[in-house]
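Student: Sequence positions in the sequence shown follow UniProt numbering and run 1 to 448.
Backbone N, C-alpha and C define an ideal beta-carbon position, used for all residues, glycine too.
The model shown is predicted, which means the values in this text are computed figures rather than measured ones.
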Amino acid sequence: MESKAHILVFPFPAQGHINPILQFSKRLASKGLKITLITTTSISHSLHLQTPAGGAALQFESISDGLDGGDHSDNIHTHLDRFIATVSQNLAQLAVKLRPNAVVYDAIMPWCLDVARGLGLRAAAFFTQMCGVSMVYYHQYEGNLKVDGENCRFSMPAMPVMEIGDLPSLIPDGHLYPAFLRLMVDQFSNFREADWRLLNTFDKLEEEVLNWMASQWPIKTVGPTVPSMYLDKQLEDDKDYGVNLFQPSAEVCMKWLDTKEKASVVYASFGSLATVGESQMEELAWGLKNSDKNFLWIVRASEESKLPRNFISETSEKGLVVNWCPQLQVLSHHAVGCFMTHCGWNSTLEALSLGVPMVAMPVWTDQTTNAKYIVDVWHTGVRVKVNERGIITREETELRIKEVMEGERGNELRRNAVRWKELAKEAVRKGGSSDKNIEEFVAELVCT
Ligand code: UDP
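1. Is it the case that the CB of Ile298 approaches a heavy atom of the ligand UDP more closely than 6 angstroms?
2. So, under 8 angstroms CB-CB, Leu119 and Val96 are touching, yes? Tell me the CB distance rounded to an integer number of Å.
3. Report the residue ranges of all alpha helix (DSSP H) runs contained in full by the segment 173–227; include only those spanning at least 4 residues, in chain order.
4. Counting pairs of Cβ atoms below 8 angstroms between the segment 251–263 and the segment 290–301, do you hit three or more?
5. Would you mind giving the Cβ-Cβ distance between residue 449 and Cys343, rounded to the nearest angstrom? I have them listed as a contact below 8 angstroms.
6. So is the beta-carbon of Gly118 under 6 angstroms away from any non-hydrogen atom of the ligand UDP?
7. Compute every distance between the C-beta of residue 451 and the non-hydrogen atoms of the ligand UDP, then say whether any falls below 6 angstroms.
8. Taking Cβ positions, are Phe83 and Asp106 nearer each other than 7 angstroms?
9. Considering only heavy atoms of the ligand UDP, does any lie closer than 6 angstroms to the CB of Trp345?
10. Can you find a heavy atom of the ligand UDP that lies under 6 angstroms from the Cβ of Gln15?
11. For Glu314 and Pro157, I'd like the C-alpha separation in whole angstroms.
12. How would you call Trp196, buried or exposed, if buried means at least 16 neighbouring beta carbons within 10 angstroms?
13. Please state whether DSSP places Glu61 in a helix, a strand or coil.
14. Within a Cβ cutoff of 8 angstroms, which residues of the same chain sit near Val252, ignoring the five residues on either side of it in sequence?
15. Taking 6 angstroms as the cut-off, is the C-beta of Ser269 nearer than that to any heavy atom in the ligand UDP?
16. Taking DSSP as the reference, what is the three-state secondary structure of Asn411?
17. For Ala443 and Lys26, I'd like the C-alpha separation in whole angstroms.
18. What's the C-alpha gap between Val243 and Gly407?
19. Tell me which same chain residues have a C-beta within less than 6 angstroms of the C-beta of Ser189, skipping the five on either side of it?
20. Going by beta carbon distance, what residues of the same chain come within less than 8 angstroms of Pro100, once the five residues before and after it are set aside?
21. What residues match up with Trp297 in a beta bridge as DSSP calls it?
22. How about Pro224 and Asp240: are their beta carbons less than 7 angstroms apart?
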């Protein structure tokens, strides 16, 4: 479909928000829309843009978020308020200049809807997290999170009963991170008024909760936002490019993986934000080594000093530690047999879509709920146990890696993972549930 409709797309400036919204933008561009993706100046210095041969189909624009002056004296609430005020103003100015037809904004910035409305533009809220997680925050916003006091279990429509450790950690720990909790819960302050609600999931993956949501408001599933060339090798037209906030060691990782046997490598990564203490890092390190498997471990530069002394030299035969990698390429490599993950939603969805079983090591926010689903709903992984000192020991780490990579249990998890991969592929292929929803969205944008 040829169209001149121009859409401004605005993800929250964090890796886990940029990735899905950028990949979604590429799908829109492939269906004939002109897309301008907006980033903010405080992250623009660390952007590593990979562009496809022949140039990017997307245009990029950067606006100031008022946080680039390096003033860290304010508390997080003041930062957030300044971010909202500055970005609202600059987004409006950019929209006046570019005259788009509509805006797609990250649902955790609900005030973008006011900016769009102020300019008479239609707007779509894009939810980057799992719908199960969205619904926990929604029920919290509505004051409907029902606690069974005796057992401390939580029941929500169309969702598994959760224990406190399965809820997004910001709910029980909200007093520690009130600004983050506000960010998450406020997604539901005006979402009904948006023209569209786009969800980074697919119908079969979250069938029950999606049916419940659809009975309340119109929604469109558009995921998984994994470039479809990874799901289906035939789809060469869907180029892999994106934006990294860290420089990936692509060649080193891929060459190293090429030397390893099928399903022999544990890929371990905790995403772009999660941090662990020094003693926890030490336990993870020796757990990986003691598992006696090959491992590729992503330790961001800011975390490197926590690695045990001599660890890298002592494990160099079986292990590779780098600061960042091309995760999709890594997860699609035949040598990877297990993903030890912090269960960020993108990592979880990428592993499900690429058929890789997981060792779930949630750290905070929505990761705990994603882990609950990985183990109890999708059956593609095991969750580590935290001991009474709040540590995942090396023995526990080793045990869980072996559980996923060896024996009948490992085979069963892998079979389940492969089933999800097939269903993910079905959702994004031409005429699949997510593809149809994207077509519909584009048609609605173009027609009115
Ligand atoms: N990622 C990557 N290389 C790495 C680690 C992560 O490209 O070495 C990507 C990963 O594919 C995912 C994103 O970074 O798309 C992390 O998002 P996620 O929601 O999993 O976690 P967050 O960083 O938001 O905690």
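Tutor: Let me lay it out:
1. For the purposes of this step, residue 298 is identified with residue 298 of the sequence shown, where counting begins at 1. It does: the Cβ of Ile298 is within 6 angstroms (strictly closer) of some heavy atom of the ligand UDP.
2. One-based indexing of the sequence shown puts residue 119 at position 119. One-based indexing of the sequence shown puts residue 96 at position 96. The C-beta distance from Leu119 to Val96 rounds to 7 angstroms, short enough to fall under 8 angstroms.
3. Whole alpha helix (DSSP H) segments, 4+ residues: 178–185, 207–214.
4. Yes, the segment 251–263 is in contact with the segment 290–301.
5. Because the chain here runs from 1 to 448, residue 449 falls outside it and cannot be looked at.
6. As a working note, residue 118 is residue 118 in the sequence shown. No - the ligand UDP has no heavy atom lying nearer than 6 angstroms to the Cβ of Gly118.
7. In the structure displayed, the chain extends from 1 to 448; residue 451 sits before or after that span and is not available.
8. Taking the first residue of the sequence shown as position 1, residue 83 is located at position 83. Taking the first residue of the sequence shown as position 1, residue 106 is located at position 106. Cβ distance not < 7 angstroms, so Phe83 and Asp106 don't count as in contact.
9. Here residue 345 refers to the residue found at position 345 of the sequence shown. With a threshold of 6 angstroms, the Cβ atom of Trp345 counts as near the ligand UDP, since some heavy atom of the ligand is closer than that.
10. Here the question's residue 15 lines up with position 15 in the sequence shown. Indeed, a heavy atom of the ligand UDP lies less than 6 angstroms from the Cβ.
11. Walking along the sequence shown from the start, residue 314 turns up at place 314. Walking along the sequence shown from the start, residue 157 turns up at place 157. Computed Cα separation, rounded: 50 angstroms.
12. Working through the sequence shown from its first residue, we reach residue 196 at position 196. Trp196 should be labelled buried.
13. In the sequence shown, the residue the question calls residue 61 occupies position 61. DSSP places Glu61 in strand when its eight states are reduced to three.
14. As a first step, residue 252 is located in the sequence shown; it is residue number 252 there, counting from the start. Correct list, in chain order: Leu320, Val322.
15. On the sequence shown, residue 269 is found 269 positions in, with the first residue counted as 1. Indeed, a heavy atom of the ligand UDP lies less than 6 angstroms from the Cβ.
16. In the sequence shown, counting from the first residue as 1, residue 411 sits at position 411. Helix at Asn411.
17. Walking along the sequence shown from the start, residue 443 turns up at place 443. Walking along the sequence shown from the start, residue 26 turns up at place 26. Roughly 16 angstroms separates the two Cα atoms.
18. Stepping through the sequence shown from its first residue, residue 243 is reached at position 243. Stepping through the sequence shown from its first residue, residue 407 is reached at position 407. Those two C-alpha atoms are separated by around 38 angstroms.
19. Along the sequence shown, read from residue 1 onward, the residue named residue 189 stands at position 189. Taken in chain order, the residues that qualify are Pro110.
20. For the purposes of this step, residue 100 is taken as residue 100 along the sequence shown, with counting starting at 1. Cβ neighbours of Pro100 beyond the five flanking positions: His6, Ile7, Leu8, Thr36, Leu121.
21. Walking along the sequence shown from the start, residue 297 turns up at place 297. According to DSSP, Trp297 bridges with Ala268, Val321.
22. If you number the sequence shown from 1, residue 224 lands on position 224. If you number the sequence shown from 1, residue 240 lands on position 240. No, they are not a contact pair.
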